[in-house]
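Peer 1:
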Amino acid sequence: MSLLYSDVEEDLRGAVRSLLADRCAPASVLARCETGEPYDLGLWRTLTRELGVTSLHVPERLGGQGASLRETAVVMEELGRAVAPVPYLGHSVLAVGALLAAESSVESRVTASLVARLAGGELIAALAVPLSMWPGADFPTSVRASGDGVLTGRASAVADAFAADLLVAPALGPDGPSLYAVTSGFAVTPAVSLDLTRPVADVVFDGAAGELVASGDAAVAALSSALSVGAGLLAAEQLGVAEQCLESTVAYLKERRQFGRPVGSFQALKHRLADLWHEIVTARAAARHAADALAVRDPDAPVAVAVAQSHCAAVAVHAAEECVQLHGGIGMTWEHPAHLWLKRAKADEIALGTPGRHRAALAPLVNLPGPS
Amino acid sequence: MSPAVTVDELRRRTQELLKAHDPQATDRLEFLRARFDAGLAWVHFPEGLGGLGLPRAAQATVDAELEAAGAPDNEPGRIGIGLGMAAPTILRYGTDAQKRRFLRPLWTGEEVWCQLFSEPGAGSDLAAAGARARRDGDDWLVTGQKVWTSSAHNARWAILLTRTDPDVPKHQGMTYFVCDMTDPGVEVRPLRQITGEAEFNEVFLTDARIPDTHRLGDVGEGWQVAQTTLMNERVAIGGRAAPREAGMVGVVAQTWRERPELRTHELHDRLLRLWVEWEALRLAGDRLRQQLAVGAPGPEGSAMKLGFASLSQRLSALEVELLADEGLRYDDWTLRRPETVDFTGREAGYRYLRAKGNSIEGGTSEILRNIIAERVLGLPSEPRVDKDIPWKDLPR
Ligand SMILES: Cc1cc2nc3c(=O)[nH]c(=O)nc-3n(C[C@H](O)[C@H](O)[C@H](O)COP(=O)(O)OP(=O)(O)OC[C@H]3O[C@@H](n4cnc5c(N)ncnc54)[C@H](O)[C@@H]3O)c2cc1C
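Chains as they are written, first to last, in the numbering used here: chain A, 1245 to 1616; chain B, 933 to 1328.
(1) How should M1576 (chain A) be labelled, buried or exposed, when 16 other C-beta atoms within 10 angstroms of its C-beta is the threshold for buried?
(2) For chain A, check one thing: does any of its Cβ atoms lie closer than 8 Å to the Cβ of N1302 (chain B)?
(3) Would you identify the three-state DSSP class for N1133 (chain B), choosing helix, strand or coil?
(4) Counting only beta-carbon separations shorter than 8 Å, does P1329 (chain A) have a partner in chain B?
(5) Indicate, with yes or no, if ligand 1 has a heavy atom lying under 7 Å from the CB of D1057 (chain B).
(6) Determine whether the Cβ of S1313 (chain B) lies closer than 8 Å to any Cβ atom of chain A.
(7) Is the region 1266-1282 of chain A in contact with the region 1435-1449 of chain A, if contact means three or more CB pairs nearer than 8 Å?
(8) Check distances from the C-beta atoms of the region 1177-1199 of chain B to those of chain A and list, in chain order, the residues that come in under 7 Å.
(9) By the criterion of Cβ-Cβ separation under 8 Å, what are the contact partners of L1093 (chain B) in chain A?
(10) For a contact defined as C-beta to C-beta under 9 Å, what are the partners of E979 (chain B) on chain A?
(11) Check the Cβ of E962 (chain B) against every Cβ in chain A and list those closer than 8 Å, keeping chain order.
(12) Is it the case that the Cβ atoms of D1536 (chain A) and R1353 (chain A) are separated by a distance below 8 Å?
(13) Where L1023 (chain B) and G1041 (chain B) are concerned, what is the direct C-alpha to C-alpha distance, given to the nearest angstrom?
(14) For R1219 (chain B), would you say it is in contact with chain A, using Cβ-to-Cβ distances shorter than 8 Å as the test?
(15) Name, please, each residue of chain B whose Cβ falls closer than 8 Å to the Cβ of G1614 (chain A).
(16) Under DSSP, the beta strand (DSSP E) around M1106 (chain B) begins and ends at which residues?
(17) Considering only heavy atoms of ligand 1, does any lie closer than 7 Å to the CB of W1089 (chain B)?
(18) Would you kindly work out how many angstroms separate the C-alpha atoms of K1319 (chain B) and V1100 (chain B), rounded to a whole number?
(19) List, in order along the chain, the chain B residues whose C-beta lies closer than 9 Å to that of S1352 (chain A)?
(20) Anyone know if the C-beta pair for A1346 (chain A) and V1373 (chain A) falls short of 8 Å?
(21) Could you give the first and the last residue of the continuous alpha helix (DSSP H) run that contains F968 (chain B)?
(22) What's the C-alpha gap between L998 (chain B) and G1239 (chain B)?
(23) Rounded to the nearest angstrom, what separates R1095 (chain B) and D1139 (chain B) at their Cα positions?
(24) Rounded to the nearest angstrom, how far is the Cβ of Q1553 (chain A) from that of A1479 (chain A), given a contact under 8 Å?
(25) Whose Cβ in chain B lies nearer than 8 Å to the Cβ of T1526 (chain A)?
(26) Specify the secondary structure class of P1615 (chain A) as computed by DSSP and reduced to three states.
(27) Kindly examine ligand 1 and report whether one of its heavy atoms sits closer than 7 Å to the Cβ of L1048 (chain B).
(28) In terms of residues, what are the limits of the beta strand (DSSP E) holding R1095 (chain B)?
(29) My guess is that T1497 (chain A) and T1316 (chain A) are in contact by the Cβ rule of under 8 Å, so how many angstroms apart are they, rounded?
(30) If you draw a straight line from the C-alpha of H953 (chain B) to the C-alpha of A992 (chain B), how long is it?
(31) Out of B:R1067, B:E979, B:G983 and B:F1109, which has the shortest C-alpha to C-alpha gap to Q1030 (chain B)?
(32) Below 8 Å on the Cβ atoms is my contact criterion, and I expect D883 (chain B) with D1070 (chain B) to pass it. Report the Cβ-Cβ distance as a whole number of Å.
(33) Does the distance from the C-beta atom of L1254 (chain B) to that of T1187 (chain B) stay below 8 Å?
(34) I'd like to know whether the C-beta atoms of A1463 (chain A) and L1411 (chain A) end up nearer to each other than 8 Å.
(35) Give the straight-line distance between the Cα atoms of G1417 (chain A) and S1386 (chain A), rounded to the nearest whole angstrom.
(36) Excluding five sequence neighbours on each side, which residues of the same chain lie with their C-beta closer than 6 Å to the C-beta of C1489 (chain A)?
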């Protein structure tokens, strides 16, 4: 198992980073936040059509590039660094993740053409579950499906739903859990969200016609797999956010002078940043480990994901909080991007299972049971 | 031999060694010497000096073969200072004669080494060290006091940092020697630790005689030579391959599993947090090793030592708490002078107390944070008052 980045992965990172440097500067991200267009669809088109970021881990026979989740994780890192307002998590990681998992089941009903359209970024998809849902959670029951595939119900706090043309929706049908692809008959209401760059939205299905993509155990497994991949790859995003926070704080403290010297020369601050750097070193290893374990379907992946998500979530929040504090007054302003990183880090801590949930999931996996 | 030696070739050589010296039927030392002479001791060392000039990573192949054959090892826990600090320094700065004289018995463990660096007045600020070395014909005479010297009571040799020129700023006037611990000018006294035992010592040097041929590096170059030692110390402490739950976390996890009646919800969450942090640190260590294997060493080594110290302390503290009534007892306060140190040995109370040293020995955690902040993150240094003044005029 390689915990390093391959040359191909570094090239991919370089391409995404330089695009984002051009098109996704903090000021423009901030300017978009309170408009009616929270997503930068122009940037999304470049990312999908020119860099092909949405087809990386999709198999070639389904119209993808046949790379792996390791590459997708690198994209997550870079998008996280820039808090880029694009629906990558909801689309490529969660929705496509659910379809790919369903597709690999024996009685798959997922059509290659559907996956291909999503892989190419032609359609944007989202997974219609609350972003807070964790991999081991019960199958949701807030949406019901009739025998002929008509969906009624709601899902709240769904990531990237506002940008979505298609929803992958878990629903309870007459035969139990099932997974549908829905392209019309639903209403999406954006919520005022803590995370300004990945707003959540409430979805209402009111007699929507869904196309069944998996049912029964296959549907349960597909959802759980998507959430697990999501939690594992979110760790990469959290790493990116944390790196961004550390780098910008270090840069600022080298320049900002008080008491006749750069404030970065005060040891109290140096030690806090050294600790943060140490946390990030370990977060990088944990995130890489999770991406690799998911990519090769290592049986140890559930442990790797629980470790990465519980660790990286906390590191990102710590980094963002230090970033605000160590910038002083300017860190408290709307104008400075530190709050965008803090809001993303804090929302990410809840997303796809809190650190506590992941530790609880870890306990039986590593034979550390609690008190009876 | 070219660095292109294949894994198969390395395996073949290892098997050849095993055939010629059946570990079951060969004296332990004899086997270790043969292994050294076959270049299979530390393959990244040069040929003729126990190695084959291969990348460090190639060692794993040899070790696996030897372990499978039940071959004896060189008890690295007993000779850590020799392997981790003296050897790389001798390799880098030693003359051919020094390399030939010292490296083989160092590696086989026939000769134990210790490190005479710290002094009562010079710990973190090692460059302030004042043990005075004066020229005496072809020899040097050293007088001064060293302290916290681990293994000095077992050691045959020491790496020794001295002051040769008090009239220049502190970093410039130092010289580095190999010191004979059996010299009559060397006196070793045990120093008792918070654990009750005396792993380390005070060492008094009174005109200790050192031939000039035992100098490492040039006169006045001691500080640079010491940097090699210290860098390797941090790699040695932080760079070992480890399976999941190796080390303190495994000890505590085992107690947790065996003693369900002691568990509480609060300790459970704390244990899981520490388990996760330890696993992330272990993975960072793996990642560091993979970087070293492709020849791109990162600064992560200092992160490893920082994390290792803090986690060992928090885990061992948790275990004492978990044990409750038993945590009130201690196994034995008798003053002993151990040959080896095992951070995870003995009982919970000992482990808790010994772990306190992890953030002091080999550079304190505060000093590591300074190093990370300045050398990795590039933050400006604190204003310094001691850099350009002759050593003899430094405020004390
Ligand atoms: C178990 C053990 C084994 C050891 N073995 C050896 C050995 O074999 N050979 C050997 O030579 N030495 C050995 N040492 C000594 C060790 O290297 C020193 O104790 C260590 O470097 C600290 O020096 P000091 O004890 O003088 O503390 P000081 O340097 O006096 O430090 C006191 C406190 O001040 C802090 N401090 C000092 N300078 C700064 C700074 N610039 N910024 C912030 N904080 C600072 C320190 O972190 C520490 O908390 C050993 C120590 C221990 C505990």
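Where is the CB? At the ideal position from N, CA and C, for every residue including glycine. The structure presented is a predicted model; accordingly, all values stated were derived computationally and were not measured.
Peer 2: Let's see:
(1) Position 332 of the first sequence holds residue 1576 (chain A). Its Cβ having fewer than 16 others within 10 Å, M1576 (chain A) is exposed.
(2) As a position in the second sequence, residue 1302 (chain B) is number 370, starting the count at 1. So yes, N1302 (chain B) belongs to the interface.
(3) As a working note, residue 1133 (chain B) is residue 201 in the second sequence. N1133 (chain B) falls in the strand class under three-state DSSP.
(4) Position 85 of the first sequence holds residue 1329 (chain A). No, P1329 (chain A) does not count as interfacial toward chain B.
(5) Reading the second sequence from its first residue, position 125 is the one you call residue 1057 (chain B). Flag set: Cβ of D1057 (chain B) near ligand 1.
(6) Along the second sequence, one-based indexing puts residue 1313 (chain B) at 381. Cβ-Cβ to chain A under 8 Å: yes for S1313 (chain B).
(7) yes
(8) A1185, W1188, R1189, P1192, R1195, T1196 and H1197
(9) Mapped onto the second sequence, residue 1093 (chain B) falls at position 161. Annotation: L1093 (chain B) has no Cβ neighbours in chain A at a cutoff of 8 Å; minimum Cβ distance is about 26 Å.
(10) The sequence position of residue 979 (chain B) within the second sequence is 47, counting from 1. Here the premise fails: no neighbours, minimum Cβ distance about 29 Å.
(11) Numbered from its first residue, the second sequence carries residue 962 (chain B) at position 30. Within chain A, no residue comes near E962 (chain B); the closest Cβ sits about 39 Å away, beyond 8 Å.
(12) To locate residue 1536 (chain A), count along the first sequence from 1; it is residue 292. To locate residue 1353 (chain A), count along the first sequence from 1; it is residue 109. Not a contact, by the Cβ cut-off of 8 Å.
(13) Mapped onto the second sequence, residue 1023 (chain B) falls at position 91. Mapped onto the second sequence, residue 1041 (chain B) falls at position 109. Computed Cα separation, rounded: 17 Å.
(14) Residue mapping note: residue 1219 (chain B) aligns to position 287 of the second sequence, counting from 1. So, interface residue.
(15) Here the question's residue 1614 (chain A) lines up with position 370 in the first sequence. Residues of chain B passing the Cβ test: R1195, H1197 and H1200.
(16) Start at 1 with the first residue of the second sequence, and residue 1106 (chain B) comes out as number 174. Unbroken beta strand (DSSP E) run through M1106 (chain B): M1106 to D1112.
(17) To locate residue 1089 (chain B), count along the second sequence from 1; it is residue 157. Result no, Cβ not under 7 Å from ligand 1.
(18) Locating residue 1319 (chain B) in the second sequence gives position 387, counting from the first residue. Locating residue 1100 (chain B) in the second sequence gives position 168, counting from the first residue. Cα to Cα, K1319 (chain B) sits roughly 10 Å from V1100 (chain B).
(19) On the first sequence, residue 1352 (chain A) is found 108 positions in, with the first residue counted as 1. Residues of chain B passing the Cβ test: none, with the nearest at roughly 34 Å.
(20) Counting from 1 along the first sequence, the entry for residue 1346 (chain A) is found at position 102. Counting from 1 along the first sequence, the entry for residue 1373 (chain A) is found at position 129. Their beta carbons are not under 8 Å apart, which means A1346 (chain A) does not touch V1373 (chain A) by this criterion.
(21) Counting from one through the second sequence, the residue named residue 968 (chain B) turns up at place 36. R960 to D969 is the extent of the alpha helix (DSSP H) around F968 (chain B).
(22) For the purposes of this step, residue 998 (chain B) is taken as the residue at position 66 of the second sequence. For the purposes of this step, residue 1239 (chain B) is taken as the residue at position 307 of the second sequence. If I take the Cα positions, the gap works out to 31 Å.
(23) Within the second sequence, numbered from 1, the residue matching residue 1095 (chain B) stands at position 163. Within the second sequence, numbered from 1, the residue matching residue 1139 (chain B) stands at position 207. Between the C-alpha atoms of R1095 (chain B) and D1139 (chain B) there is a straight-line separation of about 14 Å.
(24) The residue labelled residue 1553 (chain A) in the question sits at position 309 within the first sequence. The residue labelled residue 1479 (chain A) in the question sits at position 235 within the first sequence. With a Cβ gap of about 5 Å, Q1553 (chain A) and A1479 (chain A) count as contacting.
(25) As a working mapping, residue 1526 (chain A) is identified with position 282 in the first sequence. In chain order: E1209, A1212, L1213, L1215, A1216, A1235 and G1239.
(26) Reading the first sequence from its first residue, position 371 is the one you call residue 1615 (chain A). Reduced to three states, the DSSP call for P1615 (chain A) is coil.
(27) Translated into positions along the second sequence, residue 1048 (chain B) becomes position 116. Flag set: Cβ of L1048 (chain B) near ligand 1.
(28) Here residue 1095 (chain B) corresponds to residue number 163 of the second sequence, with the count starting at 1. Boundaries of the beta strand (DSSP E) harbouring R1095 (chain B): W1089 to R1095, taken from the DSSP string.
(29) Position 253 of the first sequence, counted from the first residue, corresponds to residue 1497 (chain A). Position 72 of the first sequence, counted from the first residue, corresponds to residue 1316 (chain A). What sits at residue 1497 (chain A) in the sequence shown is Leu, not Thr. Not confirmed; about 33 Å, so no contact.
(30) Position 21 of the second sequence, counted from the first residue, corresponds to residue 953 (chain B). Position 60 of the second sequence, counted from the first residue, corresponds to residue 992 (chain B). C-alpha separation (whole angstroms): 20 Å.
(31) As a working note, residue 1030 (chain B) is residue 98 in the second sequence. Closest by alpha carbon: B:F1109.
(32) Nothing can be reported for residue 883 (chain B), as the shown portion of chain B is limited to 933 through 1328.
(33) Reading the second sequence from its first residue, position 322 is the one you call residue 1254 (chain B). Reading the second sequence from its first residue, position 255 is the one you call residue 1187 (chain B). Their beta carbons are under 8 Å apart, which means L1254 (chain B) touches T1187 (chain B) by this criterion.
(34) As a position in the first sequence, residue 1463 (chain A) is number 219, starting the count at 1. As a position in the first sequence, residue 1411 (chain A) is number 167, starting the count at 1. Cβ atoms of A1463 (chain A) and L1411 (chain A): not closer than 8 Å.
(35) Within the first sequence, residue 1417 (chain A) is the residue found at index 173, counting from 1. Within the first sequence, residue 1386 (chain A) is the residue found at index 142, counting from 1. Distance between the alpha carbons of G1417 (chain A) and S1386 (chain A) is about 11 Å.
(36) The sequence position of residue 1489 (chain A) within the first sequence is 245, counting from 1. So the list reads A1563, A1564, C1567 and W1585, once near-sequence residues are dropped.
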